[in-house]
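In my numbering, the protein residues as written are 3 to 107. Glycine included, C-beta positions come from ideal geometry on N, C-alpha and C. Here is the structure we will look at.
This is how it looks when you write it as structure tokens:
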């Protein structure tokens with residue numbers, strides 16, 4: 003199964019389970035993502051926690067009006083932007099922010 007097929011299968015299940023896109027927007031899945039991120043932080047070795055984070059990202063993006071192709075295209079575009087930025091060398095397991103554009107390292 004490819005990722006696009008997964009995107010559509012997840013969309014069908016989500017709408018049947020949690021309501022269609024007219025009834026429910028992206029905020030609920032984003033709030034659920036915050037919960038799942040806390041669980042992944044509590045046990046970063048649990049591989050299923052990463053999947054639990056992926057589901058609400060896909061669901062929220064779709065409910066916000068993105069297609070799978072748009073999300074993938076924007077992901078490649080953002081990767082190119084990030085590759086062009088300057089990044090400080092990490093010295094711990096804390097988040098690393100790019101240099102410039104009002105963001106401090």
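A Cβ-Cβ separation of about 4 angstroms places residue 31 in contact with residue 62 under the 8 angstroms criterion. Residue 55 has its alpha-carbon roughly 17 angstroms from the corresponding atom of residue 66. When the beta-carbon positions are compared, residue 98 and residue 88 stay at least 7 angstroms from each other. In this chain, the alpha helix (DSSP H) harbouring residue 72 covers 70-86. The three-state reading of DSSP puts residue 98 in coil, since its state is none of H, G, I, E or B. Your pair residue 59 and residue 74 does not check out as a contact, with CB atoms roughly 13 angstroms apart and the cut at 8 angstroms. Here the alpha carbons of residue 93 and residue 13 stand approximately 39 angstroms from one another. Residue 70 is positioned such that its CB atom lies no closer than 7 angstroms to that of residue 15.
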